[in-house]
Structure formats: structure tokens, C-alpha cells
Amino acid sequence: MTETLRTVLLLVMSSVLLAGCNANLVRQESRVLSAAEVNRLFVGNTVESYNLNTGFNSFTYYHPNGQALQERLWTRRIGSWQLKPDGQICLEFVKGKPRCRHIVQQGGTYYKVIQDKSGEHEQIVRYRYFRQGDALSGL
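The numbering used here puts the first residue of the sequence shown at 1, with every later residue one more than the last.
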């Protein structure tokens, strides 16, 4: 085999290997959920969430009457939630202003997001599972 042919063959094989590696690096597009989709995921369900900033897990039951029961850091707290027409879910656990956030789906995973200064979505919470019913009342 000539040196030129060997070099070309090596370049082709390297390109194929690198192309295969890059396929996993393609970022999946995220999509903002509608109010109906958020309603299906949250209302009447217990949701496990993972805060990407603090590393804390929490479990929240979204009662159909607007009450939210949450267990976080081995402490229970009661608050309220509401769903806005644009799909934002709003939570309030201490008296004051409710925090309203959009939910996005990226691949098969759901995230709560905030908008950064450039208008891009920044993921702040990853939802691990959605269980039908109140899983916290028996604890």
C-alpha cells in the first residue's frame, strides 16, 4: 500500500469515527408545553423534581383544588399552585408573589425553566417522574 493511499484511508476512517461521536453531541430542541399538556402532567399527580442549582429533590402533590403539598429536605409544607393560560405553572409556598415558570420538554425529559437575559430558556428543575394521585398523604 502506498503512503498516499494509507494517509487517505486513515483520514477517511478518522472522519467516520468522529462523525459517529458527534451524533451524540447534537442538542435536542426543547419545546414549551401548552396549558393542557401541563395540566395533564401535574394536576392530581405527585411529581418528583430535582433542582439543578441546589441538588435538592422534592416531591409535590398538585391537588386539583389548587393546593400544593410538598416534601423537601424532610420537611412538609403547604402552598398553592395555579396554571396560567400560556402554560406557566405558578407556585407559592410563602406569602408573597407566586413564582410562575414555563415547562419545556427536551427529548423525553421535562424541565422547569426561566428566561435568561438574552431570552433563552435556562433549565432550573428537572422532573424525574409523575405519579398519579397523592403519594404524600400516606407518608
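Every residue gets a Cβ at the ideal spot worked out from N, C-alpha and C, and that includes glycine. Note that this is a predicted model, so its numbers are computed, not measured.
- Per DSSP, the beta bridge partners of T75 are R72.
- Taking a contact to require three or more Cβ pairs closer than 8 Å, the stretch 28-45 and the stretch 66-80 do not qualify as touching.
- Less than 8 Å divides the Cβ of Q105 from the Cβ of S30.
- DSSP, read as helix, strand or coil, puts F130 in strand.
- Bridge partners of I89 according to DSSP: L83 and R101.
- Under DSSP, I124 takes part in no beta bridge, so it has no partner.
- For Q115, the beta-bridge partners assigned by DSSP are H121.
- With a threshold of 16 other beta carbon atoms within 10 Å, F59 meets it and is buried.
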